[in-house]
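Sequences listed follow chains A and B, in order. Residues 1 to 156, numbered by the numbering used here, are exactly what the first sequence covers, in order. Residues 157 to 688, numbered by the numbering used here, are exactly what the second sequence covers, in order. Remarks on the structure that follows.
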Amino acid sequence: MIDRRSFITSSIAFATAVAAGTEAEGRSAGSGAADNVLAPIESTVALVDRSLRGSAAFAAAARARGLDILEFTADVASIWMRELEPRLRSGPIAITGHTREATWFCLDLLARDFGACTLQRTAEAESVSFVISQTPGRRAALAPADVRAQWSTRHA
Amino acid sequence: MPKPPPGVAERDFQAALRDLEGVVGREWLFATDEDVLLYRDGYSPLWGEAEERFPSAAVAPNSVEQVQGVVKIANQYGLPLYPISTGRNLTYGGAAPAYSGSVVVDLKRMNRILDVSARDKTCLVEPGVSYFDLYRHLRTNKIPLWIDTADPGWGGLMGNALDRGGGYTDIEFRDHFDAHCGMEVVLPTGEVVRTGMGASPQAKTGQLFKYGLGPWIDGIFSQSNFGIVTKMGFWLMQEPEAALQVSVTVPKRRDVVPLVDTLHSLMCAHTVPSQVTVASPVMAGNNPELVRLRGSGGVSDADWDRFAASAGGAPFWAATFVYYGPSKVIAAQWEHTKERLSGIAGVGFRETASYTFPLSDEQVEAVADKARYGIPSLNLFSSRSAPGAPPLEGHIDFSPMIPPHGEELIALTDYTGKVYADQGFTPSFVAGMMFHPRTMICFHAVPTFRNAADNGRTRKLFETLVRGCADRGWPIYRIHPVFQKLGMEMFGFNNGALHRLHETLKDAIDPNGIVSPGRYDIWPKRLRGSQA
Chain A
1 MIDRRSFITS SIAFATAVAA GTEAEGRSAG SGAADNVLAP IESTVALVDR
51 SLRGSAAFAA AARARGLDIL EFTADVASIW MRELEPRLRS GPIAITGHTR
101 EATWFCLDLL ARDFGACTLQ RTAEAESVSF VISQTPGRRA ALAPADVRAQ
151 WSTRHA
Chain B
157 MPKPPPGVAE RDFQAALRDL EGVVGREWLF ATDEDVLLYR DGYSPLWGEA
207 EERFPSAAVA PNSVEQVQGV VKIANQYGLP LYPISTGRNL TYGGAAPAYS
257 GSVVVDLKRM NRILDVSARD KTCLVEPGVS YFDLYRHLRT NKIPLWIDTA
307 DPGWGGLMGN ALDRGGGYTD IEFRDHFDAH CGMEVVLPTG EVVRTGMGAS
357 PQAKTGQLFK YGLGPWIDGI FSQSNFGIVT KMGFWLMQEP EAALQVSVTV
407 PKRRDVVPLV DTLHSLMCAH TVPSQVTVAS PVMAGNNPEL VRLRGSGGVS
457 DADWDRFAAS AGGAPFWAAT FVYYGPSKVI AAQWEHTKER LSGIAGVGFR
507 ETASYTFPLS DEQVEAVADK ARYGIPSLNL FSSRSAPGAP PLEGHIDFSP
557 MIPPHGEELI ALTDYTGKVY ADQGFTPSFV AGMMFHPRTM ICFHAVPTFR
607 NAADNGRTRK LFETLVRGCA DRGWPIYRIH PVFQKLGMEM FGFNNGALHR
657 LHETLKDAID PNGIVSPGRY DIWPKRLRGS QA
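Here it is in C-alpha cells:
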C-alpha cells in the first residue's frame, strides 16, 4: 500500500524524470515503466481535479517542480479541448495528473491517438495519480511531427 | 507481426502493405502488433477469445485521393478495409473491425472543418472532425451556432451520424443522420460521388437541400458497407436567446402512461423541443429489495407504489427536458406544458436550470447537463467512479426501441429486469429516452469482462434480450458488431428479404467485397456463407 505522500508526489517526480529523460529517476520514483520515453520533453503539465481530497497538495508539489498546473472540476472535457489536445497535437508532452479514475480512463484513450500512453498509474480510494506521455514506440494517426520523427529514426 | 487477412497470402499482404506505404507514407501505415492494439475493442464481449476481432493493420490517409489509392490497392489484393472516423463509440465496438484481418482505414487525419456558414447555419466536415473540434471552432470564432453532440462527446460527427446516433437538442438536429445534408463518398470501386445538391458542381445549395435530383441514396451509406464517406454536411442549431431546463415528476408507477402520452403530444406539436428522458428515481439504485423487485418480472403497480412510499416517497417518474428560444416564448411553452399535465394527481413541476446565451467559459464549466446545450462532455464516465460502482471492464449497449407509450416502458422494464435476474445479473435500470419524435430508446448497459466465462454469460444475456424484445415488438435500432448478424435476423420479414436486398446492393456496388465485410451482416459474395 502506497503512503499518501508518495501517492501525491511519485507521479510528479516520475513526470519530471520523463521530461528530463532521466529514466533512472523515473524508475526509482515508482513504476519502472519508462523504457520508451522521449528525451527531452519540453512541456510537462500537471492536471488537478480540484474536487478531490489531496488536490491542493498535488498542485503545490507540481508547482514546486515548476510544472504548469491545469485545474478543473470533475469533467475534463473543457480542459481537454482548450489545453491538453492542442498541446498533444504539437507535442511532445508529458501529463501528470491527480484525478478520478474515470478522468484517467478518458485521457488514456484520447491521448493514444497522439502517440501517448500511460507510463505510470497509482490508485487510491477515490483518485488516481498518473503520468501519460508521448513516446516514440507508440505511433498514431495524430502523433505530432517530433514524435513521428523519433519513431522514424529508431526504426530506420 | 499481425496475421494477414483470411484468404490473402503473406507475400501478397506484405506487397499490399508496401503499396499502402507508397500511398500514405511510412509514418501512416501501422502494421506492428503494438500499432494494431490501438484498434482493439476494449469492451469486446469476445475479449481474449479466438473469435475476438482484430485488424491486420491500419492506414491513415490524409485526403480523398489517398483514400482512393487505398481502395485501389485493396481491390488489387482483396484486402478487406474497415473505415473508422474516431472509433470511440466503445459500447458499439470502438475501432475494431467487424471482420478479423481487415485493414482499418483510420480517418482521424482527415479532420478539416471545410466550411461553417453562420448565415445558413450549416457546416461541411471531414470524417476525423470530432464534436470537440467543431465545438472549439465555433466557440473560438464566436459563431453563434450549436452542435448537437453525442454523450459522451469525444466521438466524431460523421461516425456518429453514419451509425445513426442521437443527441439532446432540438428535433431538427438530434437525429444525427437526419441532420446531415449532402455527402461525398469514395465507392469501393474508387470512384468519388457526391449526393444531394452537391452532385451539381456549381450548386450553392449543397448543404441546404438534401435531395438533389433523382433517387435519394444517402441512407444506404448509414449502418452499412457501401463506401467510405469522406465529407458530410450538417445543419447546425442557431444559438437561442435562452434555455430553461425542467423536471416534471409524477408520484405513481402507472402515471407514466399519461405523462409520456402528453409529452409525446407536446413534442409533436413542437411545444417541447428537446430530447425527453423519462427515468424513475424510485427504481434507480442497488438496494437489495429494489434489485429483487426489478428482477421479479411483474410486481403490481400497488406493490411498486408501496415500495416507493417506504423508500422515502420519491416521485416514481421524472421527465427531464429543455425549452430553447426567446424567454417570453419559453415561459408560454412551459405554462402550456403545465396546463396539459395538470390532470395527473400529484404532478410536480420544477425549473432545474436556466441560461441566457452566450455563456462565458466559467458558465460553460458550471453547466450540469452539458449535452443538452450542445457542449461536449465526458461527464457520463463519472459512473465509473461512482461510490459502490461494481468493478467491470466495460459494457455494450442493448438498445431496444419502443413506441412512446408508458405501458410499453413498464412492460419492457418488467421483461428485461427478469431476464437479467434469471441469468444472474443485476437488472439494468431502464429509462425511456425520446431522441426521435415518435419512439423511445431504452438503453441497457450489458457488462463485459476480461474473461471468457463471464463474457459467455454476457453474450447469452444479450442474445436473450435481443430475441425476447424483438418477439415483443421492441427490436433494437443499433447493435455491436459481434451481434450484427443476430440483430439483422430480427429484421427477417419475408424470409430475410431486406438482408437479401442489402447483399444484392453489396454485390453491385462492391464487386470485390473490400469495404467492411460483415458490417450489419452484409457480406460480399466471396465471403458469404463462410460466416455462419
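Beta carbons: idealized from backbone N, C-alpha and C, even for Gly.
| task | Rank B/464, B/518, B/354, B/269 by C-alpha distance to the C-alpha of residue 78 of chain A and give the top, closest one. | result | B/518
| request: Excluding the 5 residues preceding and the 5 following residue 269 of chain B in the sequence, name in chain order all residues of the same chain whose CB lies nearer than 7 Å to its CB. | output: 279, 281, 285, 289, 290, 293
| said: Under 8 Å, Cβ to Cβ, is there at least one residue of chain B near residue 113 of chain A? | reply: yes
| task | Give the secondary structure of residue 598 of chain B by DSSP, where H, G and I count as helix, E and B as strand, and everything else as coil. | result | coil
| message | So the candidates are A/154, A/12, A/99; which of them puts its Cα closest to the Cα of residue 66 of chain A? | response | A/12
| request: Note down, in chain order, every chain B residue with its Cβ under 7 Å from the Cβ of residue 110 of chain A. | output: 310
| query | Hey, quick one: how far does the alpha helix (DSSP H) through residue 315 of chain B stretch, first residue to last? | reply | 313-318
| query | With which residues is residue 507 of chain B paired in a DSSP beta bridge? | reply | B/402
| said: DSSP three-state label for residue 53 of chain A, please. | reply: coil
| With 16 other Cβ atoms within 10 Å as the buried cut-off, status of residue 49 of chain A | buried
| query | Along chain B, which residues have their Cβ under 9 Å away from the Cβ of residue 74 of chain A? | reply | 535, 538
| Cβ-Cβ distance between residue 131 of chain A and residue 93 of chain A below 8 Å | no
| query | Using a beta-carbon distance below 8 Å, is residue 85 of chain A in contact with chain B? | reply | yes
| message | Can you check whether the C-beta of residue 414 of chain B is within less than 8 Å of a C-beta belonging to chain A? | response | no
| task | Please list the partners that residue 292 of chain B has in chain C, where partner means a Cβ-to-Cβ separation under 8 Å. | result | This model lacks chain C altogether; the protein chains it does include are A and B.
| query | Which chain B residues sit within Cβ distance under 9 Å of residue 142 of chain A? | reply | 216, 264, 265, 267, 284
| query | Does any residue of chain A bring its CB to less than 8 Å from the CB of residue 411 of chain B? | reply | no
| Which chain B residues are close to residue 78 of chain A, counting only those with a beta carbon under 7 Å from its beta carbon? | 520, 521
| field | Neighbour flag for residue 304 of chain B against chain A, beta carbons, 8 Å | value | no
| task | Kindly provide the ranges of any beta strand (DSSP E) runs that are 3 or more residues long and lie completely inside the segment 364-428 of chain B, ordered along the chain. | result | 384-391, 398-406
| Does the beta-carbon distance from residue 437 of chain B to residue 471 of chain B come in below 8 Å? | yes
| Are the beta-carbon atoms belonging to residue 434 of chain B and residue 588 of chain B less than 8 Å from one another? | yes
| Where the alpha helix (DSSP H) through residue 446 of chain B begins and ends | 444-450
| query | Going by DSSP, what residues sit across from residue 262 of chain B in a beta bridge? | reply | B/240
| request: Note down, in chain order, all residues in the segment 487-513 of chain B with a beta-carbon under 7 Å from any beta-carbon belonging to chain A. | output: none
| request: Check each residue of the segment 115-142 of chain A: if its Cβ is closer than 8 Å to any Cβ of chain B, include it; give the result in chain order. | output: 126, 137, 138, 139, 140, 141, 142
| task | Closer than 8 Å by beta-carbon distance: list the chain A residues that pair up with residue 532 of chain B, in chain order. | result | 77, 81
| task | Look up residue 492 of chain B in the DSSP assignment and say whether it is helix, strand or coil. | result | helix
| Delimiting residues of the beta strand (DSSP E) encompassing residue 435 of chain B | 432-435
| Where the alpha helix (DSSP H) through residue 609 of chain B begins and ends | 608-627
| query | What does residue 578 of chain B reach in chain A if we use C-beta pairs closer than 7 Å? | reply | Residues of chain A passing the Cβ test: none, with the nearest at roughly 31 Å.
| field | Cut-off 8 Å between Cβ atoms - residues of its own chain near residue 265 of chain B, not counting five sequence neighbours on either side | value | 184, 216, 217, 218, 284
| field | Under 8 Å by beta carbon: chain A residues contacting residue 395 of chain B | value | Those within 8 Å of residue 395 of chain B in chain A number zero; the least Cβ separation is about 18 Å.
| task | Would you verify that the beta carbon of residue 194 of chain B is, or is not, closer than 8 Å to some beta carbon of chain A? | result | yes
| task | Taking only beta-carbon positions, decide if residue 59 of chain A is within less than 8 Å of chain B. | result | no
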